[in-house]
């Protein structure tokens, strides 16, 4: 049982890091390779829901197309995906990517949710200095990387037999999904649906993220029971 949980936590660490990297910056060859490597793991999650299966197939089709192209055709696909990222996330009228925008009544960044997650980051020793940007701490990519970090931490605590620390980390992940990520993912998707460019990769990815967050919350709840 413990070994199985260890594998699950290791998989969660990788998957949340993949989600985070996808929203963090435009893809390089490394990120395309990362998608290819993670597809077999995603295929194991197809039973989460029919929606999850559909979006996983969309992501698989995307990377198959990438692998089938060479030369100018491949360069065009990369450029299209770069343009999609830029249009969806990097312009003044792009999709807001921090939690505060969605949870504050004024639709402003650097609000209460930013303060809440900053306290959690400090409590568990998570540092956003791994990425050089001016994004607030409740940037969706940072929140997802925090989940990856906590999953890695839980696996280590389990391995070392530190049950109290382990239970604290499980509870923190549960509450973080419920009180933060799931608190605004629907509105985040609604904003993204306004951009045609999202259909290539980022919408399927985010639809799957929503399904996975619901599934992962159930998994974490089961560990507390």
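In this note's numbering, the protein residues as written are 1379 to 1603. Idealized CB from N, CA, C, for every residue including glycine.
Same chain, Cβ closer than 8 Å to residue i, five either side skipped, listed in chain order
i, result
"residue 1570", "1466, 1473, 1576, 1580, 1581 and 1584"
"residue 1421", "1434 and 1438"
"residue 1404", "1459, 1460, 1463 and 1464"
Own chain partners of residue i with C-beta closer than 7 Å, once the 5 adjacent residues on each side are dropped
i, result
"residue 1475", "1401, 1467, 1517 and 1518"
Own chain partners of residue i with C-beta closer than 6 Å, once the 5 adjacent residues on each side are dropped
i, result
"residue 1390", "1529"
"residue 1605", "Any question about residue 1605 goes unanswered here, given that the chain covers just 1379 to 1603."
"residue 1491", "1477, 1478, 1481 and 1516"
Option nearest residue i by Cα separation, candidates the options
i, options, result
"residue 1493", "1485, 1527 and 1477", "1477"
"residue 1444", "1410, 1501 and 1422", "1410"
"residue 1596", "1573, 1578, 1565 and 1560", "1560"
"residue 1602", "1487, 1452, 1459 and 1541", "1541"
"residue 1388", "1578, 1573, 1527 and 1586", "1527"
"residue 1496", "1513, 1448 and 1382", "1513"
"residue 1563", "1573, 1588 and 1574", "1588"
"residue 1392", "1412, 1383 and 1449", "1412"
"residue 1573", "1394, 1441 and 1469", "1469"
Inter-residue CB distance, residue i and residue j (contact presumed, cutoff 8 Å)
i, j, result
"residue 1525", "residue 1551", "6 Å"
"residue 1397", "residue 1498", "With 8 Å as the limit, residue 1397 and residue 1498 do not qualify as a contact, their Cβ atoms being about 18 Å apart."
"residue 1455", "residue 1447", "6 Å"
"residue 1430", "residue 1566", "17 Å between Cβ atoms; not a contact."
Legend entry - the segment 1413 to 1423 contacting the segment 1553 to 1565, beta-carbon criterion three pairs below 8 Å: no
Legend entry - Contact between the segment 1519 to 1535 and the segment 1545 to 1554 (3+ Cβ pairs under 8 Å): yes
Inset, instruction - Please list the segments of the alpha helix (DSSP H) lying wholly inside the segment 1520 to 1570, counting only runs of 4 or more residues, in order along the chain. - result: 1541 to 1554 and 1560 to 1570
Inset, instruction - Say whether the segment 1584 to 1597 touches the segment 1421 to 1434, bearing in mind that this needs 3 or more beta-carbon pairs closer than 8 Å, one atom from each stretch. - result: yes
Legend entry - Within the segment 1463 to 1507, ranges of the alpha helix (DSSP H) (whole runs, at least 4 residues): For the segment 1463 to 1507, whole alpha helix (DSSP H) runs of length 4 or above, ordered along the chain, are 1477 to 1481 and 1490 to 1502.
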